[in-house]
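I have placed the structure first, in the form of structure tokens, so that the comments after it can refer back to it.
2 protein chains.
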Amino acid sequence: MEENQKPKAAPLDALVALVKDDLDAVNRTIVERMDSPVALIPQLAGHIVAAGGKRLRPLLTLASARMCGYDGVAEGQMRHVNLATCVEFIHTATLLHDDVVDESALRRGKQSANAVWGNQASVLVGDFLFSRAFELMVEDGSLKVLAILSRASSVIAEGEVAQLITTNDTDTDEAAYLGVVQGKTAELFAAACQVGGVVAEQDETREKALRDYGMALGIAFQLVDDFLDYSAKQEALGKTVGDDFREGKLTLPVILAFQRGSEEEKTFWRRCLEDMDQTDADLAHAMDLMRAHGSLDETLTRARDYGAQARAALEVFPDSPVRQCLLDIVDFTVERAY
Amino acid sequence: MEENQKPKAAPLDALVALVKDDLDAVNRTIVERMDSPVALIPQLAGHIVAAGGKRLRPLLTLASARMCGYDGVAEGQMRHVNLATCVEFIHTATLLHDDVVDESALRRGKQSANAVWGNQASVLVGDFLFSRAFELMVEDGSLKVLAILSRASSVIAEGEVAQLITTNDTDTDEAAYLGVVQGKTAELFAAACQVGGVVAEQDETREKALRDYGMALGIAFQLVDDFLDYSAKQEALGKTVGDDFREGKLTLPVILAFQRGSEEEKTFWRRCLEDMDQTDADLAHAMDLMRAHGSLDETLTRARDYGAQARAALEVFPDSPVRQCLLDIVDFTVERAY
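Residue numbers (the numbering used here), protein chains in the order written: chain V, 100 to 437; chain Y, 100 to 437.
Okay, here's the thing in structure tokens:
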């Protein structure tokens, strides 16, 4: 099987191959459900949905359901497809609102939606997709799913506001950072997996295992992202290095370096990240300090720990090709750092 | 009874008096449910909720439920209170997102939330309140209510995007304008009333009557708002005249004047509203043109027509103090133009 031939090379591709019919159905449902007589809505939503690319979160819903024995569209089952679409709509809405929040001109190399259409349209089309997600959930009819995804949505918003507050605040500690990461990133991974278990009518133990898997995977994912922001590998991928630094974001590599730094170093960090008074040379110095204090390596160590937690969570499920893909995705998530 | 002594003077006050226990419970629920460990959320949400003042939309839910025989908190019933809170949260979220959209520095004379805390926080706290509204609906447990309010939310977003598209477009016709008004304003009035009927377990006829009442009232409300933007009365209320003109919004008074205008007048409207090339004297000239073509009066005539539709919708309900208040609110909505 493809995912066993090249498990580390392309675990997402392997998973996509396993649930191809389901994912095709998700892509069709996305297009159908983001339609509106107001033409700007499908235009703008289509732009960001197309840029989204990997469909990692809806894939987690599809894979979780399949691993738990839910048959898929080939056997006429559609709940997981509709709910995976909800997950992607919620994710897309947060991306659109993030573009406003971060005043980011570029997202994944393409022009961000707000750079093309303006903040106003990004906010409103995000609201539309968010509402559409809830309409789809209502059609599905499960109050349990509605509870999971409405809770996830408010936790995401709390995480994003918490990130806003910790930005430019060098007093931010690891616990506050972890809270932000759980909210803004990991909660939707967790909910996406849990919902797959709900449609497959799993017991509480397995539902919680899926949630734990998604939460740990999401944290590992964000930790690696925050590591990569200071990695030369980022440059090789055509992305800029040090965006978080320039935006004054307090991510784990910085938090650890700050805590371990001398008073002189703390003064440096405060000038750069609180006062936002930065020169071209400051990023290189910041990266030297992070290396000197081992904070980049330690960020990856934490990512690996969370990766191990994610793998462990899947132990309650019997081996299967889909389960193997979900395990491989954990490794891929951590190893993209190298 | 108070509402019969001074029906025209303060119909909202009369309604507030009738459902005072319920409204107090709504205000408590608002404060409880906008709380979060992320302190900025209740701070910012509290600012906009306090500025909201009238609580017109949740009052419509409370009044509709009461008119249909739902007893209220005094008898231990809380569903209408929780759902009225949802309606207010959805409304508040749209206000927060509107502040971003309109780049408005002032809302109701107070500084807008985004002027104090920035666009980023306004977007995210709006998202939080929106999610909280859905969490509350899930606790209520009615899929019917969830369907009504998730549908309303996406219709509102569509209406707001449609307004964005019609701004600066003098080709906007009355039908397009009405679509915007139904979406951005009237849909939530309609849903607020309908939900009151759902908790009171009304039949389809009465539920539809409540929805029709809210829709017609909401359209009348927005028509009068759009009239008032060009009225000297606006100035007496301490608001500026001509905000819509300066923002290039195509509201009914302008649409009718444009359609009835000479080619020279059309050129004037295009310069002011499409090219956004305005001088201080242009607003006065615009108001002269609207008066000359009777478009301000005609806007009020339409508002009265919708007001009559709203009143007619309530004919299926037996007379009661609450019903009388709902009728008086229609008159008050139209008559605040004079």
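Positions of the beta carbon are idealized from the N, C-alpha and C atoms, including for glycine.
Beta-carbon to beta-carbon, P157 of chain Y and I428 of chain Y are separated by about 14 Å, too far to satisfy the 8 Å threshold.
The C-beta of S253 of chain Y comes closer than 9 Å to at least one C-beta of chain V. Leaving aside the five residues that flank Q408 of chain V on each side, the residues in its chain whose CB is nearer than 8 Å to its CB run, in chain order, D311, A315. Cβ neighbours of K243 of chain Y within its own chain (closer than 7 Å, five residues either side excluded): V297. For the region 234–260 of chain Y, residues whose beta-carbon sits nearer than 7 Å to a beta-carbon of chain V comprise E234, V237, G240, L242, L245, A246, S249, R250, S252, S253, A256, E257, E259, V260. Ranking Y:G258, Y:A289, Y:V222 by CA distance to the CA of L413 of chain Y puts Y:A289 first.
Contiguous alpha helix (DSSP H) elements confined to the region 329–354 of chain Y occur at 331–335, 342–346, taking only those with 4 or more residues.
S135 of chain Y reaches chain V at E257, counting residues in chain order whose Cβ is nearer than 7 Å. The C-beta of T339 of chain Y comes no closer than 9 Å to any C-beta of chain V. When secondary structure is reduced to three states using DSSP, D396 of chain Y falls in the helix class. In the structure shown, the three-state DSSP call for T271 of chain Y is coil. DSSP places F188 of chain Y in the helix class (H, G or I) of the three-state scheme. Taking C-beta separations shorter than 8 Å and ignoring five residues to either side along the sequence, the partners of Y405 of chain Y in its chain run A315, L316, I318, A319, L322, following chain order. Distance from G360 of chain V to L159 of chain V at the Cβ level is roughly 38 Å; contact not present, criterion being Cβ atoms closer than 8 Å. With a threshold of 16 other beta carbon atoms within 10 Å, H384 of chain V falls short and is exposed.
Linking A275 of chain V to C371 of chain Y through their CA atoms gives a straight-line distance of about 50 Å.
Taking a C-beta cut-off of 7 Å against chain V, the contacting residues of the region 179–197 of chain Y are H196, listed in chain order. Proximity to L399 of chain Y across Y:L245, Y:E434, Y:E373 peaks at Y:E434, based on C-alpha coordinates.
Excluding its 5 nearest sequence neighbours in each direction, Q262 of chain V has C-beta neighbours in its own chain below 7 Å: V279, K283, listed in chain order.
For S241 of chain Y, there is no enclosing alpha helix (DSSP H), as DSSP marks it with neither H nor E.
Rounded to the nearest angstrom, the gap between the Cα atoms of L309 of chain V and V415 of chain V is 10 Å. Considering only beta carbons, no part of the region 355–373 of chain V lies closer than 9 Å to chain Y.
Taking each of Y:D120, Y:A356, Y:M236 in turn and checking the Cα distance to A162 of chain Y, the smallest one comes out for Y:D120. Closest by C-alpha distance to P417 of chain Y, out of Y:D324, Y:R165, Y:R127, Y:I247, is Y:R165. The criterion of a C-beta distance shorter than 9 Å is satisfied by L228 of chain Y and A144 of chain Y.
Distances from the alpha-carbon of L182 of chain V to those of V:G341, V:A291, V:H146, V:V224 put V:A291 closest. Non-local C-beta neighbours of S419 of chain Y in its own chain, meaning closer than 7 Å and more than five positions away in sequence, comprise M166, ordered along the chain. In the displayed model, F416 of chain Y falls within coil according to three-state DSSP, outside both helix and strand.
For L139 of chain V, the residues of chain Y that pass the 9 Å Cβ criterion are V260, A261, L263, I264, in the order they occur in the chain.
Comparing alpha carbon positions, the residue from Y:V130, Y:G171, Y:D272 closest to V421 of chain Y is Y:G171. Against chain V, a Cβ distance below 8 Å from L223 of chain Y picks out H196, V200, A256, E259, V260, L263. Flagged as an interface residue toward chain Y: D226 of chain V, by a C-beta distance shorter than 9 Å. Between the region 240–258 of chain Y and the region 229–243 of chain V, the count of C-beta pairs closer than 8 Å reaches three or more; the two stretches touch. Within the same chain, and ignoring the five residues on either side of A356 of chain V in sequence, the residues whose Cβ sits closer than 6 Å to its Cβ are L388, M389, H392, S394. In the displayed model, V172 of chain Y falls within a helix according to three-state DSSP.
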